[in-house]
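S.K.: The structure is given below, and queries will be raised subsequently.
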Amino acid sequence: MGHSIWHKRIQGFVTGNIYKKGIAMRRIKRHNNRKKINWHVLLWVPVGTAAVVAALFFAGVLPPDAAPPAGALMPAAATPPTAAPTTTVPAVTPAATPAYDSEAEISPATAGRPVNAPSTRYEIAAIVSEPYNRITAYMRVLYENTTPDTLYELVFHLPANAYYTADSPGAAAETKTYYNGFSKGGIIIGSVSLNDTIAYFYVSDDNMRLHVPFIKEIAPGDTAEIFAEFVLDVPLRNARYGRSELGFQLGNCWPILAVYQDGSWMADGYNSFGDPFYSETAEYIVSIAYPAGYAIAATGSVTTKEKNGMLVSTIAAANAREFACMLMPGMRRAEATRGGTAIQSYALSADGAGRGLQLAQQAMAVLEPYLGQYPYPTLTIAQSEMQSGTGMEYPGLIFVQRKLYLPGNEQQLAFTIRHEVAHQWFYGLVGNDQYNAPWIDEAFASYFGLYATLLAGDEEAYRALHKYYIEECAPLGGRIDGALYDYANEYDYNNAVYWRGATLIEALHQEIGEDAFKAGLRLFFAENAYRVATKADIVSAFERACGKELATWFDDRLAAPRPVNIATATELSIGLDTE
């Protein structure tokens with residue numbers, strides 16, 4: 387790349403303006419016939435911020451002159467990420483799937499998902515400004531067009547902007563998460579460079595997507611290199627994205643590429659319940675600088691060093707659908723290794739950390755005989771502050787609601803951790819469109835959260851959970867396979883997708899028997915690992931495993947049995963994974 391414009395910009399921070407204080411922004415606006423387009427924003431950051439961010443680059447964490455081929459940009463400070471293990475299937479050898487097929491076309495077999503496997507790498511250098519609840523960051527994205535189409539732009543989701551104003555979709559619907567009134571959050575894009583040239587970009591009218599048009603289109607198989615500068619403001623709220631009493635909870639807030647499928651970029655908007663996020667796997671290298679006194683829980687393998695009076699953690703993650711982390715002051719940690727997986731548990735007390743660790747190990751032990759080897763080299767459980775929902779899954783990282791660690795909540799803590807560990811396979815290893823087919827991960831994770839309780843030998847807890855969720859909540863649910871937008875509220879959604887969904891998987895287990903159920907699961911994982919799956923993939927795997935037609939069986943049980951009684955559902959349902 388040589389002395390790129392990006393390299394010169396970093397040098398400018400150090401040599402020309404590092405002593406400027408405060409933040410000044412100059413917006414240069416351009417217009418075309420259809421949209422207002424932001425040219426770029428010049429950011430001058432405080433001395434400490436500029437020095438540390440620039441130091442991250444010059445120290446070799448994200449070398450600006452590195453060449454783009456895979457493996458060339460691994461930071462010296464980090465241990466190279468171990469490739470996640472592939473689920474093996476006894477007596478079944480799935481056909482090899484090429485990473486890129488130039489002849490691939492959209493067909494009934496590929497509709498509703500990307501045609502080819504992705505090839506994307508994110509590199510992020512960030513610094514946390516604790517007093518201002520602000521993160522200043524630089525992001526480099528190496529993208530290969532594995533779609534069958536010529537692309538004329540890249541589209542990134544900006545999920546943090548769901549909390550930009552009090553009227554933004556997340557903030558307006560989730561007022562109970564703010565503990566001191568509305569607090570602004572969101573992301574400001576400073577500048578974007580494309581293939582070594584400053585690029586035009588614009589943000590969608592709802593502020594939820596960043597569009598980067600190409601001057602020259604990208605044909606199938608071609609690559610693009612994108613740099614972006616941005617500032618992330620962290621709102622004061624008890625949620626998966628926010629600063630709480632327990633620290634900075636940084637989930638679902640980083641810019642991330644939209645999924646390209648069926649000939650267009652997926653542009654679904656934010657939804658106030660469920661998980662309104664849909665992404666493909668990618669490689670992540672993240673360096674984040676933050677004040678001493680904090681511990682970090684993150685997606686991937688973490689190496690931490692002290693630099694310039696701050697802690698700098700370098701995180702490496704392969705085959706991750708997104709990146710999340712939590713910065714936590716005053717936490718206790720427990721750790722262990724199981725089958726090559728490094729497991730960590732963070733909580734406010736040593737007892738809480740130990741319980742989280744033990745439950746995570748137990749969940750892995752009882753689920754692996756059904757789901758195959760745990761798919762990541764790390765698993766971290768972090769006690770967090772969430773006003774609603776009991777847990778939230780990320781690749782190799784789980785947020786667990788603080789109150790579940792209190793006496794009397796042992797049963798719900800165990801169930802939540804089992805549910806979220808199951809998500810490491812359903813969502814992590816095999817993804818799905820969580821906007822339009824959320825049942826694919828939630829139904830399986832809910833069933834295995836319950837079933838793992840029985841497998842762990844806690845029959846009394848299993849009977850109590852089964853009675854409540856399957857016998858009482860599930861009958862109140864409507865159609866299982868609806869999109870997020872098809873449900874009137876979170877209670878409607880939870881009862882249908884989680885609990886009627888769990889009932890569906892329980893019935894499937896009983897219908898085809900233990901051996902065929904295990905074989906179908908392992909075939910499903912082997913054929914769809916690190917890809918996106920649809921209902922057709924589920925049906926196909928279990929049909930071949932049991933030797934009989936199941937399409938009609940699934941359709942009959944996915945359909946709504948009767949209208950949902952919203953009033954009763956509101957009284958009964960307890961949701962997971964939602965804010």
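One rule links them: number in the numbering used here = place in the sequence shown (from 1) + 386.
C-beta atoms are modelled at their ideal positions from N, C-alpha and C, and glycine is treated no differently.
#1: Going by beta-carbon coordinates alone, are L528 and R499 separated by less than 8 Å?
#2: So, with DSSP's three-state summary, where would you put K602?
#3: Where do the N-terminal and C-terminal ends of the beta strand (DSSP E) with Q769 fall, by residue?
#4: What does the alpha-carbon distance come out to for the pair Y518 and Y916?
#5: Enumerate in chain order the residues of its own chain whose CB-to-CB distance from Q748 is below 7 Å, with the five nearest sequence positions on each side excluded.
#6: Tell me the rounded alpha-carbon separation between I584 and I604.
#7: Of all the beta strand (DSSP E) runs that stay within the bounds of the region 527-562, which reach a length of 3 or more residues?
#8: Let me confirm a value: S650 is counted as buried when at least 16 other C-beta atoms fall within 10 Å, else exposed. Which label applies?
#9: Can you find the residues in the same chain that come closer than 6 Å, C-beta to C-beta, to D608, ignoring five residues on each side of it along the sequence?
#10: Could you have a look at N705 and say whether DSSP puts it in helix, strand or coil?
#11: Quick one: residues in its chain with C-beta nearer than 6 Å to the C-beta of R788, no 5 flanking neighbours on either side, listed in chain order?
#12: Look at the alpha carbon of P466 and the alpha carbon of Y760, and state the distance between them as a whole number of angstroms.
#13: Which complete beta strand (DSSP E) runs does the region 620-681 hold, if anything under 3 residues is left out?
#14: Output the boundary residues of the alpha helix (DSSP H) element that contains M750.
#15: Is the region 860-873 in contact with the region 842-851, if contact means three or more CB pairs nearer than 8 Å?
#16: Would you mind working out which of A931, N581, A653 and A548 sits nearest G980, comparing C-alpha positions?
#17: Which residues bound the alpha helix (DSSP H) around F940?
#18: Please look up how many angstroms separate the CB atoms of V752 and P824, rounded, as I've assumed it's under 8 Å.
#19: Between T700 and R886, what straight-line distance do the alpha-carbon atoms span, to the nearest angstrom?
#20: Under three-state DSSP, which class holds H597?
#21: Let me make sure I understand the geometry here. Which of A683, G758, G695 and G725 has the alpha-carbon closest to that of A733?
#22: Determine the extent of the alpha helix (DSSP H) in which Q730 is found, giving its start and end residues.
#23: Over what stretch of residues does the beta strand (DSSP E) that includes G572 continue unbroken?
#24: Can you find the residues in the same chain that come closer than 7 Å, C-beta to C-beta, to E754, ignoring five residues on each side of it along the sequence?
#25: For S832, report the span of its alpha helix (DSSP H) as first-last.
#26: In three-state DSSP terms, what is P947?
#27: Looking at Y762 and L713, is the spacing between their C-beta atoms short of 8 Å?
M.R.: Let's see:
#1: Position 142 of the sequence shown, counted from the first residue, corresponds to residue 528. Position 113 of the sequence shown, counted from the first residue, corresponds to residue 499. No.
#2: In the sequence shown, the residue the question calls residue 602 occupies position 216. Strand at K602.
#3: Within the sequence shown, the letter at position 383 stands for residue 769. Counting along the chain, the beta strand (DSSP E) containing Q769 begins and ends at T764 to S770.
#4: Counted from its first residue, the sequence shown places residue 518 at position 132. Counted from its first residue, the sequence shown places residue 916 at position 530. If you draw a straight line from the Cα of Y518 to the Cα of Y916, it is about 37 Å long.
#5: Indexing the sequence shown from 1 puts residue 748 at position 362. So the list reads A842, once near-sequence residues are dropped.
#6: Counting from one through the sequence shown, the residue named residue 584 turns up at place 198. Counting from one through the sequence shown, the residue named residue 604 turns up at place 218. If I take the Cα positions, the gap works out to 17 Å.
#7: For the region 527-562, the full-length beta strand (DSSP E) segments reaching 3 residues or more read 537-543 along the chain.
#8: Counting from one through the sequence shown, the residue named residue 650 turns up at place 264. Exposed is the label assigned to S650, since fewer than 16 other Cβ atoms lie within 10 Å of its Cβ.
#9: Locating residue 608 in the sequence shown gives position 222, where the first residue counts as 1. Answer for D608: N531, listed in chain order.
#10: Taking the first residue of the sequence shown as position 1, residue 705 is located at position 319. Strand.
#11: Here residue 788 corresponds to residue number 402 of the sequence shown, with the count starting at 1. Once the five neighbours on either side are set aside, the close Cβ partners of R788 are Q769 and E771.
#12: Along the sequence shown, read from residue 1 onward, the residue named residue 466 stands at position 80. Along the sequence shown, read from residue 1 onward, the residue named residue 760 stands at position 374. The predicted model places P466 with a pLDDT of 32, which falls under 50 and marks its position as unreliable; any figure quoted below should be read in that light. Cα-Cα distance, rounded: 19 Å.
#13: Qualifying beta strand (DSSP E) stretches, in chain order: 627-630, 633-636 and 668-677.
#14: As a working note, residue 750 is residue 364 in the sequence shown. Here the alpha helix (DSSP H) through M750 covers A736 to L757.
#15: Verdict: no, contact absent.
#16: Nothing can be reported for residue 980: it is not among the residues displayed for the chain, which extend from 387 to 965.
#17: Your numbering for residue 940 matches position 554 in the sequence shown. Judged by DSSP secondary structure, F940 falls within the alpha helix (DSSP H) whose first and last residues are A937 to L944.
#18: Here residue 752 is taken as the residue at index 366 of the sequence shown, counted from 1. Here residue 824 is taken as the residue at index 438 of the sequence shown, counted from 1. Going by Cβ atoms, the distance from V752 to P824 rounds to 25 Å, so no, they are not a contact pair.
#19: Stepping through the sequence shown from its first residue, residue 700 is reached at position 314. Stepping through the sequence shown from its first residue, residue 886 is reached at position 500. Approximately 41 Å, taken between the alpha carbons.
#20: Taking the first residue of the sequence shown as position 1, residue 597 is located at position 211. Of the three classes helix, strand and coil, the one that applies to H597 here is strand, per DSSP.
#21: The residue you call residue 733 lines up with position 347 of the sequence shown. The alpha carbon of A733 has as its nearest neighbour, out of A683, G758, G695 and G725, the alpha carbon of A683.
#22: Position 344 of the sequence shown, counting from 1, holds the residue named residue 730. Q730 -> not in any alpha helix (DSSP H); beta strand (DSSP E) instead, spanning T727 to A733.
#23: Position 186 of the sequence shown, counting from 1, holds the residue named residue 572. Following the DSSP letters along the chain, one finds G572 inside the beta strand (DSSP E) bounded by residues G572 to L580.
#24: Within the sequence shown, numbered from 1, the residue matching residue 754 stands at position 368. Excluding sequence neighbours, E754 sits near Y760.
#25: Taking the sequence shown and counting its residues from 1, the one referred to as residue 832 is at position 446. For S832, the enclosing alpha helix (DSSP H) begins and ends at W825 to L841.
#26: Stepping through the sequence shown from its first residue, residue 947 is reached at position 561. Three-state result, P947: coil.
#27: Position 327 of the sequence shown, counting from 1, holds the residue named residue 713. Position 376 of the sequence shown, counting from 1, holds the residue named residue 762. Not in contact: L713 and Y762 (Cβ atoms no closer than 8 Å).
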